[in-house]
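In what follows, a structure is listed as structure tokens, so that the remarks can point back to it.
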Amino acid sequence: MRFGAANVRLIPVYCVITALVLASGCVAQEPQWEVGAAAGFGIIRNATIGNSSGSASAGMDNRFAAGVVFGQDLYQHLSGEVRYTFRDDDLVLKSGGSKVNMDGESHLVQYDMLFQATRKSSRIRPYAAAGAGIRWFLGTGQEYVNQPLGNFAFLTKTDEVKPLVSMGGGVKVRVRGRMDIRLDFRDYISPFPQKLFATAPGARIHGWLNDLVPFAGVSWLF
Numbered sequence: 000m001r002f003g004a005a006n007v008r009l010i011p012v013y014c015v016i017t018a019l020v021l022a023s024g025c026v027a028q029e030p031q032w033e034v035g036a037a038a039g040f041g042i043i044r045n046a047t048i049g050n051s052s053g054s055a056s057a058g059m060d061n062r063f064a065a066g067v068v069f070g071q072d073l074y075q076h077l078s079g080e081v082r083y084t085f086r087d088d089d090l091v092l093k094s095g096g097s098k099v100n101m102d103g104e105s106h107l108v109q110y111d112m113l114f115q116a117t118r119k120s121s122r123i124r125p126y127a128a129a130g131a132g133i134r135w136f137l138g139t140g141q142e143y144v145n146q147p148l149g150n151f152a153f154l155t156k157t158d159e160v161k162p163l164v165s166m167g168g169g170v171k172v173r174v175r176g177r178m179d180i181r182l183d184f185r186d187y188i189s190p191f192p193q194k195l196f197a198t199a200p201g202a203r204i205h206g207w208l209n210d211l212v213p214f215a216g217v218s219w220l221f
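As structure tokens, then:
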């Protein structure tokens, strides 16, 4: 194939057009960002404190949760997000018909990977999620002078940070423009915060905390 002088002069033009086409394709494939908020209610599977006389359930009471999320769509079926969740966690100790509690809370920060079942352009996007982070437990109430169930443990006004594993899933539904409605479920798994429950002599703590939290929220894409 022979090129004339005119064709040679047009080569830079072809290069520019090709570069513009490729650049526009890259822009179209740039990840979408997401910011949102959600609220829910947590149900906790607590640990056990045992001694020679019996055992007691120890951990947190079932209460509300609220949080925010900031995410990025990395690929068509894979995205990542940072989540912060506030949990209204009253410390609780129960055995038989006796129960004692103290005001408390916890703050959860984690990074989750989301495995999307459908593509970015889909209106409905179910997904599975898994991640890890930290959970900061705090006892915020007043300590007891003569606390019931003291033969198992004493509730303390202190704090402790524990590692956190997050597992779950959910679905995003595009309702209009760049707004999604999200339904999420997370199982937050963490070691027991032993500093908040000072065990009595001879008592031992068995088990971790499983915090089962369904969320409903809204998010915006940009």
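By numbering that gives the first Met the number 0, the letter at position 176 of the sequence shown is numbered 175, and the numbering carries on one by one without gaps.
Quick reminder that beta carbons are idealized off the backbone N, C-alpha and C, glycines included.
Alpha-carbon spacing of residue i relative to residue j, whole angstroms
i	j	result
residue 205	residue 46	6 Å
residue 55	residue 48	5 Å
residue 133	residue 108	6 Å
residue 176	residue 120	12 Å
residue 34	residue 70	6 Å
residue 201	residue 58	19 Å
residue 111	residue 173	21 Å
residue 145	residue 209	30 Å
residue 67	residue 52	44 Å
residue 180	residue 217	5 Å
residue 24	residue 73	Residue placement at residue 24 is poorly supported in this model, since its pLDDT is 43, which falls under 50; the coordinates are not used for a value here.
residue 76	residue 87	33 Å
residue 116	residue 43	29 Å
residue 219	residue 191	35 Å
residue 41	residue 92	17 Å
residue 143	residue 65	29 Å
residue 36	residue 199	41 Å
residue 207	residue 32	34 Å
residue 182	residue 150	42 Å
residue 50	residue 203	7 Å
residue 122	residue 63	29 Å
residue 113	residue 141	40 Å
Option in the options with minimal Cα separation from residue i
i	options	result
residue 139	126, 124, 155, 127	155
residue 159	199, 90, 195, 183	195
residue 162	213, 106, 148, 198	106
residue 212	129, 184, 130	184
residue 100	61, 82, 131, 40	61
residue 130	150, 165, 148	165
residue 221	191, 178, 193	178
residue 193	157, 187, 182, 186	157
residue 85	92, 50, 137	137
residue 135	199, 36, 203, 187	187
Exposure of residue i, with buried meaning 16 or more beta-carbon neighbours within 10 Å
i	result
residue 126	buried
residue 38	exposed
residue 94	buried
residue 167	buried
residue 128	buried
residue 82	buried
residue 9	Below a pLDDT of 50, predicted positions are generally treated as unreliable, and residue 9, at 43, falls in that range; the measurement from the model is reported next regardless. Exposed, because fewer than 16 other Cβ atoms sit within 10 Å of the Cβ of residue 9.
Whole-number beta carbon distance between residue j and residue i, since they are thought to touch under 8 Å
i	j	result
residue 90	residue 79	No, residue 90 and residue 79 are not in contact; Cβ-Cβ is about 33 Å, not under 8 Å.
residue 148	residue 189	At roughly 23 Å, the Cβ-Cβ gap does not stay under 8 Å, so residue 148 and residue 189 are not in contact.
Residue i and residue j closer than 8 Å at C-beta
i	j	result
residue 124	residue 170	yes
residue 152	residue 215	no
Beta carbon proximity, residue i to chain C, threshold 8 Å
i	result
residue 35	In summary, chain C is missing from the structure at hand, where a single protein chain is found.
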